[in-house]
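Notes follow once the structure below has been shown.
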């Protein structure tokens with residue numbers, strides 16, 4: 254599973270999933286915090302639709318952490334003020350970079366969490382569509 258997909262699943266699902274995966278690594282291996290969870294600002298890029306050019310729409314607050322685990326670096330960045338989640342994301346990223354055997358068993362949990370996220374989004378979309386007004390059937 255690619256890093257982008259894995260990180261999106263961990264961020265969008267309950268924080269318990271990221272915490273439980275990181276705890277599996279914390280119990281077995283020792284890690285070194287290179288950068289403790291800290292807040293920062295990052296610029297957000299947008300693509301202007303008419304000219305297809307990139308521009309910066311503004312800044313967003315992020316929390317970032319960096320750890321070293323078995324000689325591998327892991328980075329966790331999340332929008333908002335979430336120290337624990339940023340650290341857990343960094344530990345999980347380092348575990349994948351180090352190819353720990355625990356990461357092989359995580360795929361099923363991540364796929365299940367992704368399916369739950371999609372189910373919730375579909376349910377929310379269906380609820381929104383129920384409120385949609387069809388102006389073509391309205392008589393004036």
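Numbering (this note's numbering), first residue to last: 254 to 393. We put the beta carbon where it would ideally sit given N, CA and C, even for glycine. Quick caveat: nothing in here was measured; it's all calculated off a predicted structure.
Roughly how many whole angstroms lie between the Cα atoms of residue i and residue j?
| i | j | result |
| --- | --- | --- |
| residue 293 | residue 331 | 10 angstroms |
| residue 363 | residue 267 | 11 angstroms |
| residue 312 | residue 306 | 18 angstroms |
| residue 333 | residue 314 | 5 angstroms |
| residue 341 | residue 271 | 6 angstroms |
| residue 355 | residue 318 | 21 angstroms |
| residue 381 | residue 367 | 21 angstroms |
| residue 277 | residue 303 | 48 angstroms |
| residue 275 | residue 378 | 32 angstroms |
| residue 373 | residue 365 | 12 angstroms |
What span of residues does the beta strand (DSSP E) with residue i cover, start to end?
| i | result |
| --- | --- |
| residue 292 | 285 to 300 |
| residue 318 | 307 to 322 |
Find the nearest neighbour of residue i within the set the options, judged by alpha-carbon distance.
| i | options | result |
| --- | --- | --- |
| residue 259 | 357, 281 and 316 | 357 |
| residue 299 | 289, 310 and 291 | 310 |
| residue 290 | 388, 338 and 384 | 338 |
| residue 263 | 320, 283, 329 and 304 | 329 |
| residue 348 | 385, 261 and 282 | 282 |
| residue 322 | 257, 284 and 361 | 284 |
For residue i, which residues in the same chain have their Cβ closer than 7 angstroms to its Cβ, ignoring the five residues on either side in sequence?
| i | result |
| --- | --- |
| residue 335 | 316 |
Just to confirm my understanding: we take residue i, look at its own chain, exclude 5 residues before and 5 after, and list those with CB closer than 8 angstroms. What are they?
| i | result |
| --- | --- |
| residue 324 | 351 |
From which residue to which residue does the alpha helix (DSSP H) around residue i run?
| i | result |
| --- | --- |
| residue 337 | 336 to 350 |
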